[in-house]
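Novice:
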Ligand code: AMP
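Residue numbers (my numbering): 132 to 556.
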């Protein structure tokens with residue numbers, strides 16, 4: 132019989148890969164705490180209705196949807212925001228605002244598998260609910276900057292935009308919501324020609340085309356030129372004002388915004404305001420993205436609640452760390468193998484291993500029943516331990532064990548009660 136493989140697009144994360152993902156999770160979680168976000172854990176399986184309500188055609192088509200045994204149409208979550216918006220209208224409805232919520236876990240999309248694009252991937256997700264102020268948008272951009280910095284990335288760029296600009300123009304030209312979403316989805320993929328072809332008004336098309344082709348020297352110049360270009364488009368101008376206020380706050384706080392993209396759009400339908408993404412030069416894909424969604428909680432039956440959030444793609448952050456040769460800053464802890472010399476010392480040796488673990492020392496017990504020399508050879512070859520603790524009859528009688536330093540190849544006798552301390556120091 133042939134061996135089993137993972138389902139296409141699904142991966143096993145082997146120890147080294149799992150270590151990096153867990154490292155990024157730890158940094159994201161620490162950042163959440165630093166910004167005052169509290170973690171919630173929501174189900175991976177949710178009602179299809181909830182997940183499809185406002186996610187947009189693109190994601191709807193890529194969801195893993197199925198009937199459970201109770202004949203309910205359910206899906207694997209393709210993102211976190213819908214689940215958090217559900218919480219905001221149910222169990223967390225009465226929580227004081229602003230509400231800051233963090234989540235981390237796997238999400239599922241039937242994307243075409245390639246480097247940095249999987250069908251099961253990891254996200255850390257931050258939602259800030261209850262404030263319509265630009266400082267709330269700024270906080271979400273800043274915490275994203277902190278996550279990138281805290282994992283050790285050196286070279287990344289933040290791109291800022293505002294869906295209110297494109298939506299404002301189209302609304303003024305009476306383009307229906309559904310069509311607006313179709314246009315934005317194509318703009319998100321930079322399929323500008325296909326996007327513009329959907330619009331029947333020449334004037335509307337020209338204004339959008341002008342935005343796409345707008346030339347500018349700096350992020351502030353971009354905002355200035357947008358204002359000039361959009362004279363007479365009141366809603367779009369309000370959006371530019373808002374974008375300008377957010378840009379000012381973020382840059383004043385010391386975080387650099389590399390680009391303001393006047394024709395920036397994102398695939399998710401629920402965005403209503405500022406949107407942003409993080410990129411690294413070596414990859415043509417986003418490491419994270421988010422924005423403002425002021426209507427979603429209302430659509431889910433809650434009180435009108437302005438909100439802004441972001442999701443970071445942890446697998447892609449891990450890839451960027453690898454390409455930028457980012458070292459994991461982890462505390463180096465000493466590790467030992469514990470080897471009894473004879474059958475009769477097994478019990479005592481296990482007890483010593485337990486004592487070491489209780490003291491926080493990583494101890495592997497010789498479970499293969501090998502002779503000492505063989506066990507030593509293996510420990511040496513694998514380079515997974517700093518010391519071997521050898522438990523023999525003669526030393527035990529004196530309350531001691533033999534500690535062998537596997538790199539220096541020296542060995543000493545150590546009193547059992549001093550063992551953990553000696554190894555740690
Ligand atoms: P989105 O919810 O589409 O804004 O996605 C947020 C982030 O998740 C993106 O910026 C990516 O970093 C990551 N992401 C999205 N789709 C995938 C995928 N198929 N594989 C790996 N990461 C992804």
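Note that beta-carbon positions come from the ideal geometry of N, C-alpha and C, so glycine has one too.
Exposed or buried, which one is residue 331 when buried takes at least 16 other CB atoms within 10 Å?
Specialist: exposed
Novice: Classify residue 234 as buried or exposed, calling it buried when 16 or more other Cβ atoms lie within 10 Å of its own Cβ.
Specialist: buried
Novice: Thinking C-alpha only, which one of 490, 286, 311 is nearest residue 556?
Specialist: 490 is the residue among 490, 286, 311 whose C-alpha sits nearest the C-alpha of residue 556.
Novice: Using the beta-carbon count (16 or more within 10 Å), is residue 454 buried or exposed?
Specialist: Flag for residue 454 reads exposed.
Novice: Between residue 213 and the rest of its own chain, which residues show a CB-CB distance below 6 Å, the 5 nearest in sequence each way excluded?
Specialist: 181, 182
Novice: Run the proximity test for residue 115: is its beta-carbon closer than 8 Å to any non-hydrogen atom belonging to the ligand AMP?
Specialist: Examination of residue 115 is not possible in this model, given that the chain is present from 132 through 556 alone.
Novice: Take the Cβ of residue 146 as the centre, count every other Cβ of all protein chains shown within 10 Å, and call the residue buried at 16 or more, exposed below.
Specialist: exposed
Novice: Is residue 317 near the ligand AMP, going by C-beta to nearest heavy atom under 8 Å?
Specialist: Residue 317 Cβ: outside cutoff for every heavy atom of the ligand AMP.
Novice: What number of angstroms, rounded off, separates the C-alpha of residue 487 from the C-alpha of residue 533?
Specialist: 14 Å
Novice: In angstroms, rounded to a whole number, what distance separates the CA positions of residue 403 and residue 423?
Specialist: 6 Å
Novice: How do the region 441-448 and the region 151-158 stand: do at least 3 beta-carbon pairs fall below 8 Å, yes or no?
Specialist: yes
Novice: Does the beta-carbon of residue 423, which I'm using as the reference point, lie nearer than 8 Å to any heavy atom of the ligand AMP?
Specialist: no
Novice: Would you check whether the ligand AMP has a heavy atom nearer than 8 Å to the C-beta of residue 613?
Specialist: Outside the modelled stretch of the chain, which goes from 132 to 556, sits residue 613, for which no answer is possible.
Novice: With a cut-off of 8 Å, do at least 3 Cβ pairs link the region 206-222 to the region 423-433?
Specialist: yes
Novice: In the DSSP output, which residue or residues are listed as bridge partners for residue 521?
Specialist: 470, 533
Novice: Say the cut is 8 Å; is the CB of residue 419 nearer than that to a heavy atom of the ligand AMP?
Specialist: yes
Novice: Can you give me the Cβ contacts of residue 327 inside the same chain, cut-off strictly under 7 Å, excluding the 5 residues immediately before and after it?
Specialist: Correct list, in chain order: 336, 339, 340.
Novice: Three or more C-beta pairs under 8 Å: does that hold for the region 295-310 against the region 378-389?
Specialist: no
Novice: Go through its chain and collect everything with a Cβ distance to residue 251's Cβ below 8 Å, but skip five positions before and after it.
Specialist: 140, 141, 142, 237, 238, 239
Novice: Based on Cα-Cα distance, which residue from 357, 414, 134 lies nearest to residue 450?
Specialist: 414
Novice: Would a C-beta distance cut-off of 9 Å place residue 299 and residue 370 closer than the cut-off?
Specialist: yes
Novice: So, residue 394 versus residue 343, is the Cβ gap smaller than 9 Å?
Specialist: yes
Novice: On the three-pair Cβ rule with 8 Å, is the region 271-287 touching the region 345-358?
Specialist: The region 271-287, when compared against the region 345-358, does not touch it at the 8 Å Cβ threshold.
Novice: How many Å lie between residue 304 and residue 459 at the Cα?
Specialist: 52 Å
Novice: Any heavy atom of the ligand SAM inside 8 Å of the beta-carbon of residue 216?
Specialist: No copy of the ligand SAM occurs in the structure displayed; its ligands are the ligand AMP alone.
Novice: Rank 192, 132, 220 by C-alpha distance to the C-alpha of residue 435 and give the top, closest one.
Specialist: Check the Cα spacing between residue 435 and each of 192, 132, 220: the tightest is with 220.
Novice: Closest to residue 359 by C-alpha separation, out of 296, 398, 396, would be which residue?
Specialist: 296
Novice: If you reduce the DSSP assignment to three classes, tell me which class residue 488 lands in.
Specialist: helix
Novice: Could you give the C-beta distance for residue 354 and residue 375, rounded to a whole number, given that I count them as a contact under 8 Å?
Specialist: Contact holds; Cβ gap of about 5 Å.
Novice: With a 10 Å radius around its C-beta and 16 neighbouring C-beta atoms as the bar for buried, classify residue 508 as buried or exposed.
Specialist: exposed
Novice: To which residues does DSSP link residue 196 through a beta bridge?
Specialist: 206
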